[in-house]
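Undergrad: Take the sequence shown: its letter number 28 is residue 27 in numbering that gives the first Met the number 0, and every next letter is one higher. Every residue gets a Cβ at the ideal spot worked out from N, C-alpha and C, and that includes glycine.
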Amino acid sequence: MASDLPQQPESKIRWYAGITRYQWLVLVIASAGWGFDIYEGQIFNITR
Numbered sequence: 000m001a002s003d004l005p006q007q008p009e010s011k012i013r014w015y016a017g018i019t020r021y022q023w024l025v026l027v028i029a030s031a032g033w034g035f036d037i038y039e040g041q042i043f044n045i046t047r
């Protein structure tokens with residue numbers, strides 16, 4: 000089926016280009032917290 004909408008030109012900007020340093024910092028800290036939470040759960044299960 001043909002579309003009457005004009006095609007959008009592909010953007011050369013990467014998806015992460017608009018993310019600020021602070022947002023990257025928050026993402027890294029949240030990821031580290033999640034990783035430590037999983038690690039703690041695994042250690043708890045191993046030592047039971």
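Distance check for R20 and V27, CA to CA, integer angstroms please.
TA: Translated into the one-based positions of the sequence shown, residue 27 becomes position 28. Translated into the one-based positions of the sequence shown, residue 20 becomes position 21. When rounded, the distance between both Cα atoms is 11 Å.
Undergrad: State the Cα-Cα distance for the pair A16 and S10, rounded to the nearest angstrom.
TA: Your numbering for residue 16 matches position 17 in the sequence shown. Your numbering for residue 10 matches position 11 in the sequence shown. Using only the alpha carbons, I get a separation of about 12 Å.
Undergrad: Taking just the CA atoms, how far does A31 sit from I37?
TA: If you number the sequence shown from 1, residue 37 lands on position 38. If you number the sequence shown from 1, residue 31 lands on position 32. Spanning the two alpha carbons is a distance of roughly 10 Å.
Undergrad: Going by DSSP in three states, E39 sits in which element: helix, strand or coil?
TA: By 1-based counting over the sequence shown, the position of residue 39 is 40. If DSSP states are grouped into helix, strand and coil, E39 belongs with the helices.
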